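Participant: Listed in order, the protein sequences are those of chains A and B.
Take the first sequence: its letters are residues 1 to 548, numbered as in this note's numbering.
Take the second sequence: its letters are residues 1001 to 1548, numbered as in this note's numbering.
Note that CB positions come from ideal geometry on N, CA and C, so glycine has one too.
Bear in mind the structure is a predicted one, so any value in this text is a computation, not a measurement.
Have a look at this one.
Number of protein chains: 2
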Amino acid sequence: MTEQKRRPQLVADHEALARTFHQPENEQSRNVLTKYMEQILFGLHDFLREHVGITEEIPLKELAAQFSSSTIARTPVKRLADVIAKIIEELAPQAVNVSSPYFIGHMTSAIPFFMVHLSTIVAALNQNPVKLETSKVVSVYERQVLAKVHRLLFNLDETFYETHIQRPESTLGSFVEDGTLANLSALWVARNRLLPATSGSVGAERDGMANALHDRGLRRVTILVSQLGHYSIRKSAGVLGLGYDAVTVIPVDRANRMDLNVLQRTLEEHCRDPETAVMAVIGIAGTTETGAVDPLPAIARICREFGVHFHVDAAWGGPVLLSERYGHLLKGIELADSVTIDGHKQFYLPMSNGMVFFKDPQAMDAVAYHAAYINRPGSVDLGIRSLVGSRAATSLVLGSALDIMGADGYALLIDHGIETARAFAEEINRRSMFELITAPELNILTYRLVPDGLRESKESNETISGESRLRMLNHVNIQIQRLQREAGNSFVSRTTLRRSGQPDTVVLRVVLMNPRTTPKIFNAILDEQESIYLDSIAPSLRLKSLTP
Amino acid sequence: MTEQKRRPQLVADHEALARTFHQPENEQSRNVLTKYMEQILFGLHDFLREHVGITEEIPLKELAAQFSSSTIARTPVKRLADVIAKIIEELAPQAVNVSSPYFIGHMTSAIPFFMVHLSTIVAALNQNPVKLETSKVVSVYERQVLAKVHRLLFNLDETFYETHIQRPESTLGSFVEDGTLANLSALWVARNRLLPATSGSVGAERDGMANALHDRGLRRVTILVSQLGHYSIRKSAGVLGLGYDAVTVIPVDRANRMDLNVLQRTLEEHCRDPETAVMAVIGIAGTTETGAVDPLPAIARICREFGVHFHVDAAWGGPVLLSERYGHLLKGIELADSVTIDGHKQFYLPMSNGMVFFKDPQAMDAVAYHAAYINRPGSVDLGIRSLVGSRAATSLVLGSALDIMGADGYALLIDHGIETARAFAEEINRRSMFELITAPELNILTYRLVPDGLRESKESNETISGESRLRMLNHVNIQIQRLQREAGNSFVSRTTLRRSGQPDTVVLRVVLMNPRTTPKIFNAILDEQESIYLDSIAPSLRLKSLTP
């Protein structure tokens, strides 16, 4: 009631509307709008700083009950000030503090402070790079940013870039929402280049998969990727009309890299079958689950031998090329036909920023579309060769970040991540309660907690069967991850590794990309896991009854 | 040199890096960051206010030459302050002033001031709604926003929303980058529901289009849409492996609405053919080129009769439902199976914000994907049923905007657009030099300038053939649009209407969505077009030689 009196009823009228579209005319209203920005910048961050935890403990069910209104109010119910206050005070504490150095479970992490400013610029300019008429210089700028990353990947000669960087008929790459759509774009191009219009066929894009295959006497096309391939590969095959069973999974070796012998054998087998065509082989530069890098030079050589499109999913690893110390880990990426990179991962950009690149500047001609009102043939509209239409001008964020950070600035982040991961792995090896499952090649590693009674040894092997041992280990590690997440002080993720010849193994997974994550912090996280096990899991395990 | 002295060399070191990730610890650095925000908020807007023009006149070639660097510098080359200054002083003047009330050519326009703040919040929180572990409350919030728009569209009963709004197994819709991906998502679902896994078939998603069709003795599936359908429909058919020839174009009537007789006849024909299956009929609620709305209730009735998925592309028109005065123009949309809406169009959100909705909360089960490390079966992760993976939490922008504007606030914008379009059309009819080609049904209309000597009359018909008359009219209007755009004071777009039984007609196209576009402004734009014609085109036309 008091509040009702203090605040006039909100109304939607032309005067109120005009205020939201017009420039604030006086100093006072400018100050108010700046004040709001200050609250957003520091109100949210202050919260995150005080709130070292990852998230509050309110159960999801309870949270969900608070968001059960399905009607849009007719009259305004909040001012901008109310919205900001509510987000800072009520929403943010229930969001996930991805910028905490204790949040080391996913590929979402802290971003440099200035990224928020750069995102604000994108919104304030509100350009739409789908066409020149709604973006002009921003389209030109975007081409430059794409060329810079293209060069980082493929390192072609100066003449190549001079020729193609601003040539309307050339396309070095495309911004998309994320790695999923980047992979989809690359495979869309690969599909259309495998099944193009010829004298004997209208081609897949125009005539569909069924006819394009039939015209060539084919029964199926396949995509080969290691078993650690991202699920977006299967999704892309599903979307593109190949069916996700088209994805042929190649096992990995002990280092989680694609088994080249099996790759070679599978390619021979598929190519022997006159009804099968191989559409693409995908190498991974930083698998989602273990961070491993496939043997790219060898895969490239095999692809060339078989004349198959070579795509590299470097959504995670791509920016490692910026490091003089570790860039060599991605050797062979320059031999790819197409590459996926996620800007919101190791370029440390805010969500969302995906990119796909093609070595051949004409590759994306295979997916060109025109319309009568925009994207007319011969125009320089970027929307002609692109999966998506309208989109935000996120090239401004990446381009500016490259200027502000320099390759060296990014290299500091990359090097820190890789070196912290190595230190973490050493610590795992040092602690008797843990077992390292996959050593870090980049900055991701997996491990698990192995209780005393379940440690592999002559004695335990006699008393617990391998299968029940694994079942118990999986159970223990699922519990640890869940209890740690719910406690809210730190966060690691978990996944189930399915490696050929080995049973499904539940592992704890850490992604080390936050420059503020120090050995002191990861030790605290490991200590917490040990305590969780000892205090909350061990008592109910009754291992004793199993190990007499 | 002086500058070199004044400013220390930029270096990338750990200290500099720490500053970008840490909280600013003191008042002074906070003030600097706030100051930057102020510059972004008002520097860009001040530019736009002073710069009434749409864009500077620098030719594209010259602009392109300025953006031809393809190398990423090793050391930092700019501070945030430099980046902001450069964007305000050099980039923005070459961008397109889409917020000018004189920019009435595309579906990109001014946005309320507070939208920039809301976008900043999204970047600052940097949540990733692909999974609960990187978004928590934001996923729950997003479900609420989706339910609100779902209810605006389908208006199902309270019990329906109580049941599904937060039920993890239900999906009312999905945020995607734009209308293209929304249409693609809807058609992906429709494809998989037409060709599901059954006892006789593995289904399209898993087994591919070729096998799924073969299993059913089908040769093709078709999508029916009017000839004014957005080009993303053809693109979606291409991507999904149907081939873009699967899109069967239904002609429009004189009001640019789908011809129902032809629709009925085509459906009968396709259904008679045992080798053809109709996958979807698409009704358009606001065609891109003319703003026309298809007869949705009748199309819905026909779809039900034939048992075909009914998709409505309301990328443009959807938010008209918020207007009590004009919401009825979209009658029948509630009968759709799926609907596309673009938030960055008539919800006035910044780029980019697309959405797709399904009446059946289980529809998106047809496109579910899981992974071992996230999106596990049974989890509430939103990424399970979604084309895209990682993405920005744009639901925060739309949800907050609905609170701030209320339906009534949006209705003011919608009503203004429709009524301004009507006034514009009246003005066209009043001016003898113009001809209205498509009257506005919503807030889009097309027209052309018809010079004296080319006016259709008994005399002119005798002297100029219809064909050469049309060719000259097309030429004149292409010139007008180009010269007006290049002059940089105002912007209308042009398109080529291809209507059955009529020759290709070049038209000027206006989209009236900026609340600051008044009759005075559109009259000035028409005056300018007349002047451009008289001063720059007529002298070289030599119409006299054609009209003796």
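Can you find a C-beta in chain A that's less than 8 Å from the C-beta of Trp1316/B?
Facilitator: Counting from one through the second sequence, the residue named residue 1316/B turns up at place 316. No, its Cβ sits nowhere closer than 8 Å to a Cβ of chain A.
Participant: What do you reckon, is the C-beta of Tyr1141/B under 7 Å from a heavy atom of the ligand ADP?
Facilitator: For the structure depicted, the ligand ADP is absent and the ligand set is empty, with no information on it obtainable.
Participant: Which residues in the same chain as Ser1119/B place their Cβ atom closer than 7 Å to its Cβ, once the five residues preceding and following it in sequence are excluded?
Facilitator: The residue labelled residue 1119/B in the question sits at position 119 within the second sequence. Pro1350, Val1397.
Participant: Can you tell me the Cα-Cα spacing of Val1077/B and Phe1067/B, whole angstroms?
Facilitator: To locate residue 1077/B, count along the second sequence from 1; it is residue 77. To locate residue 1067/B, count along the second sequence from 1; it is residue 67. Rounded to the nearest angstrom, the two C-alpha atoms are 16 Å apart.
Participant: Give me the subset of the region 1197-1224 of chain B whose CB atoms are less than 9 Å from a CB atom of chain A, sorted by chain position.
Facilitator: Of all residues in the region 1197-1224 of chain B, Val1202, Gly1203, Ala1204, Glu1205, Arg1206, Asp1207, Gly1208, Met1209, Ala1210, Asn1211, Ala1212, Leu1213, His1214, Leu1218, Arg1219, Arg1220, Val1221 have a Cβ within less than 9 Å of some Cβ in chain A.
Participant: With a floor of 4 residues, list each alpha helix (DSSP H) that falls wholly inside the region 190-240 of chain A, ordered by position along the chain.
Facilitator: 204-215, 231-239
Participant: Counting contacts by CB-CB distance shorter than 8 Å, is Thr108/A in contact with chain B?
Facilitator: Your numbering for residue 108/A matches position 108 in the first sequence. Thr108/A counts as touching chain B.
Participant: Taking only three categories from DSSP, how would you classify His1416/B?
Facilitator: Position 416 of the second sequence, counting from 1, holds the residue named residue 1416/B. His1416/B falls in the helix class under three-state DSSP.
Participant: How about Gly43/A and Ser493/A: are their beta carbons less than 8 Å apart?
Facilitator: Translated into the one-based positions of the first sequence, residue 43/A becomes position 43. Translated into the one-based positions of the first sequence, residue 493/A becomes position 493. For Gly43/A and Ser493/A, no; Cβs fall outside 8 Å.
Participant: Exposed or buried, what is His328/A when buried is set at 16 or more other beta-carbons lying within 10 Å of its beta-carbon?
Facilitator: Here residue 328/A corresponds to residue number 328 of the first sequence, with the count starting at 1. By the neighbour-count criterion, in which 16 or more other beta carbons inside 10 Å mark a residue as buried, His328/A falls on the exposed side.
Participant: Looking at the C-beta of Pro1112/B, does it have a partner C-beta in chain A at a distance below 8 Å?
Facilitator: If you number the second sequence from 1, residue 1112/B lands on position 112. At least one chain A Cβ lies under 8 Å of Pro1112/B.
Participant: What is the rounded straight-line gap between the Cα of Pro1361/B and the Cα of Ile165/A?
Facilitator: Along the second sequence, one-based indexing puts residue 1361/B at 361. Along the first sequence, one-based indexing puts residue 165/A at 165. If I take the Cα positions, the gap works out to 46 Å.
Participant: To the nearest angstrom, report how far apart Ala1421/B and Val249/A are at their CA atoms.
Facilitator: Sequence index remark: in the second sequence, residue 1421/B carries index 421 (1-based). Sequence index remark: in the first sequence, residue 249/A carries index 249 (1-based). Cα to Cα, the separation comes out at about 57 Å.
Participant: For Arg448/A, tell me which candidate among Gly318/A, Leu508/A, Val83/A has the shortest Cα-Cα distance.
Facilitator: Your numbering for residue 448/A matches position 448 in the first sequence. Nearest C-alpha to Arg448/A: Leu508/A.
Participant: Note down the Cα distance separating Ser1139/B from Tyr1348/B, rounded to an integer number of angstroms.
Facilitator: In the second sequence, the residue the question calls residue 1139/B occupies position 139. In the second sequence, the residue the question calls residue 1348/B occupies position 348. About 22 Å.
Participant: How far does the beta strand (DSSP E) with Ser174/A in it reach, from first residue to last?
Facilitator: Counting from 1 along the first sequence, the entry for residue 174/A is found at position 174. Per DSSP, Ser174/A belongs to the beta strand (DSSP E) from 173-176.
Participant: Can you give me the C-alpha to C-alpha distance between Asp1013/B and Ala186/A, rounded to a whole angstrom?
Facilitator: Start at 1 with the first residue of the second sequence, and residue 1013/B comes out as number 13. Start at 1 with the first residue of the first sequence, and residue 186/A comes out as number 186. Roughly 36 Å separates the two Cα atoms.
Participant: Sort out for me which residues DSSP pairs Ile1250/B with in a bridge.
Facilitator: For the purposes of this step, residue 1250/B is taken as residue 250 along the second sequence, with counting starting at 1. Ile1250/B pairs with Ser1226/B.
Participant: Taking contact to mean at least 3 C-beta pairs separated by less than 8 Å, is the region 376-388 of chain A in contact with the region 107-125 of chain A?
Facilitator: no
Participant: Using the beta-carbon count (16 or more within 10 Å), is Ala407/A buried or exposed?
Facilitator: Locating residue 407/A in the first sequence gives position 407, where the first residue counts as 1. Buried, since its Cβ has 16 or more Cβ neighbours within 10 Å.
Participant: Determine which residues of the region 508-520 of chain A have a Cβ less than 7 Å from any Cβ of chain B, and write them out in chain order.
Facilitator: Flagged, chain order: Arg509, Pro515, Arg516.
Participant: Does the CB of Pro350/A have a neighbour CB from chain B at under 8 Å?
Facilitator: Within the first sequence, numbered from 1, the residue matching residue 350/A stands at position 350. So, interface residue.
Participant: Checking 8 Å against the spacing of the C-beta atoms, do Arg191/A and Met279/A come in under that value?
Facilitator: By 1-based counting over the first sequence, the position of residue 191/A is 191. By 1-based counting over the first sequence, the position of residue 279/A is 279. Going by C-beta atoms, Arg191/A is nearer than 8 Å to Met279/A.
Participant: Are the region 307-317 of chain A and the region 267-285 of chain A touching, with three or more C-beta to C-beta distances below 8 Å?
Facilitator: yes
Participant: Alpha carbon to alpha carbon, what distance is there between Ala538/A and Ser545/A?
Facilitator: Position 545 of the first sequence, counted from the first residue, corresponds to residue 545/A. Position 538 of the first sequence, counted from the first residue, corresponds to residue 538/A. Residue placement at Ser545/A is poorly supported in this model, since its pLDDT is 45, which falls under 50; the coordinates still yield a value, given next. Near 12 Å, if we compare the C-alpha coordinates of Ala538/A and Ser545/A.
Participant: Strictly under 8 Å for the Cβ-Cβ distance: is Gly389/A near chain B by that measure?
Facilitator: As a working mapping, residue 389/A is identified with position 389 in the first sequence. The beta carbon of Gly389/A sits closer than 8 Å to some beta carbon of chain B.
Participant: Under a CB-based cut-off of 8 Å, is Met405/A close to chain B?
Facilitator: For the purposes of this step, residue 405/A is taken as the residue at position 405 of the first sequence. Yes, Met405/A counts as interfacial toward chain B.
Participant: Span of the beta strand (DSSP E) holding Ala280/A?
Facilitator: In the first sequence, residue 280/A corresponds to position 280, counting from 1. Start and end: 276-284.
Participant: Name, in chain order, the residues that DSSP records as bridge partners for Ile1341/B.
Facilitator: Translated into the one-based positions of the second sequence, residue 1341/B becomes position 341. DSSP lists Met1355/B as partners of Ile1341/B.
Participant: Indicate the three-state DSSP secondary structure (helix, strand or coil) for Val507/A in the structure shown.
Facilitator: In the first sequence, counting from the first residue as 1, residue 507/A sits at position 507. The answer is strand: DSSP assigns Val507/A an E or B state.
Participant: So is Ser135/A in contact with chain B if we call contact Cβ pairs under 8 Å?
Facilitator: Taking the first sequence and counting its residues from 1, the one referred to as residue 135/A is at position 135. So yes, Ser135/A belongs to the interface.
Participant: Tell me whether Met364/A sits in a helix, a strand or coil according to DSSP, three-state version.
Facilitator: For this step, residue 364/A is matched to residue 364 along the first sequence. Assigned with DSSP and collapsed to three states, Met364/A falls in helix.
Participant: Name the residue from Thr1495/B, Asn1128/B, Gln1502/B, Tyr1326/B whose alpha carbon lies nearest to the alpha carbon of Val1510/B.
Facilitator: Mapped onto the second sequence, residue 1510/B falls at position 510. Comparing Cα-Cα distances from Val1510/B to each of Thr1495/B, Asn1128/B, Gln1502/B, Tyr1326/B, the minimum goes to Thr1495/B.
Participant: Going along chain B in order, which residues have a C-beta closer than 8 Å to the C-beta of Asp245/A?
Facilitator: Working through the first sequence from its first residue, we reach residue 245/A at position 245. Per Cβ cutoff of 8 Å: Val1202, Arg1206, Asp1207, Gly1208.
Participant: State the beta-bridge partners of Met1258/B as determined by DSSP.
Facilitator: Walking along the second sequence from the start, residue 1258/B turns up at place 258. Paired residues: Val1252/B.
Participant: Give the secondary structure of His150/A by DSSP, where H, G and I count as helix, E and B as strand, and everything else as coil.
Facilitator: As a position in the first sequence, residue 150/A is number 150, starting the count at 1. Reduced to three states, the DSSP call for His150/A is helix.
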